[in-house]
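Asks: If you scroll down you'll find the structure; I have some questions about it.
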Amino acid sequence: MTGKSHLLIGIGTAIAEAGMTVRCTTTSALVNELAEADAGRRLSSVIARCSKVDLLCPEEFGYLDLDRKGAKLLFRILTEREERKATAVATNSPFTEWDKIFGDPRLCAAIADRITFRCALIQTGTESYRFQTTQEALFPASK
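Going letter by letter, the sequence shown gives residues 1 to 143 in this note's numbering.
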């Protein structure tokens, strides 16, 4: 919306060009994959596979509320990767709204703790590039 996806793609491309592995996915797709693996008794292997990726990029973090199970599964991935592999998250949601996304304030605090420990926060602003481009195309400025 404000360049977050473009930034993640650029970072991911640079990491891949350096010979490391990158996985970009939406947060909801990642949580769904974990839930399906859990139901199929394959959760450990999926967590192990996600833990080997050098850079995990869950996009659209916080767009959809997670149920308690989904939030716990996401927490497991973040905990497994903590201090071993990099995770780059793209979100429009401020930290003050995360407790609504995860439903449990303690779990929310633990997830925020995992994501923000030794991190670099990059704020891209609030103006949507896509919306601005559409507005300019539909309503060109008078000269």
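Note that the Cβ used here is the ideal one computed from N, Cα and C, for glycine as well.
Measuring only the C-alpha atoms, how far is S5 from E136?
Replies: Within the sequence shown, numbered from 1, the residue matching residue 5 stands at position 5. Within the sequence shown, numbered from 1, the residue matching residue 136 stands at position 136. The straight-line gap from Cα to Cα measures roughly 21 Å.
Asks: Under a Cβ-count criterion, where at least 16 other Cβ atoms within 10 Å of its own Cβ denotes burial, should E83 be classed as buried or exposed?
Replies: Counted from its first residue, the sequence shown places residue 83 at position 83. By the 10 Å Cβ count, E83 comes out exposed.
Asks: Mind listing, in chain order, the continuous alpha helix (DSSP H) runs of no fewer than 4 residues lying wholly within the region 32 to 71?
Replies: 43 to 52, all fully within the region 32 to 71.
Asks: Based on Cα-Cα distance, which residue from A90, A14 and E97 lies nearest to G3?
Replies: Position 3 of the sequence shown holds residue 3. Nearest option by C-alpha distance: A90.
Asks: Output the distance between the C-alpha atoms of R106 and V46, rounded to the nearest integer angstrom.
Replies: Against the sequence shown, residue 106 aligns to sequence position 106. Against the sequence shown, residue 46 aligns to sequence position 46. Distance between the alpha carbons of R106 and V46: 25 Å.
Asks: Kindly identify the DSSP beta-bridge partner or partners of V22.
Replies: The count along the sequence shown starts at 1 and reaches residue 22 at position 22. Answer is L55.
Asks: Let's see if you can read the secondary structure: which residues bound the alpha helix (DSSP H) around E17?
Replies: Indexing the sequence shown from 1 puts residue 17 at position 17. First-last of the alpha helix (DSSP H) with E17: K4 to E17.
Asks: Short check: CB of R23 to CB of S51, under 8 Å?
Replies: Along the sequence shown, read from residue 1 onward, the residue named residue 23 stands at position 23. Along the sequence shown, read from residue 1 onward, the residue named residue 51 stands at position 51. Not in contact: R23 and S51 (Cβ atoms no closer than 8 Å).
Asks: Taking 8 Å as the limit between beta carbons, can you name the residues of its chain near I11, skipping five residues before and five after?
Replies: Working through the sequence shown from its first residue, we reach residue 11 at position 11. Taken in chain order, the residues that qualify are L55, C57 and A88.
Asks: By how many angstroms is the C-alpha of R49 removed from the C-alpha of T133?
Replies: In the sequence shown, the residue the question calls residue 133 occupies position 133. In the sequence shown, the residue the question calls residue 49 occupies position 49. Looking at the two C-alpha atoms, the distance is approximately 38 Å.
Asks: Smallest Cα separation from F61: which of N92, D104 and R118?
Replies: If you number the sequence shown from 1, residue 61 lands on position 61. Among N92, D104 and R118, the Cα nearest to that of F61 belongs to N92.
Asks: Using only CA atoms, which one of K100, E59, R42 and C108 lies nearest to T25?
Replies: On the sequence shown, position 25 is the one that residue 25 refers to. Taking only the C-alpha atoms, the option nearest T25 is E59.
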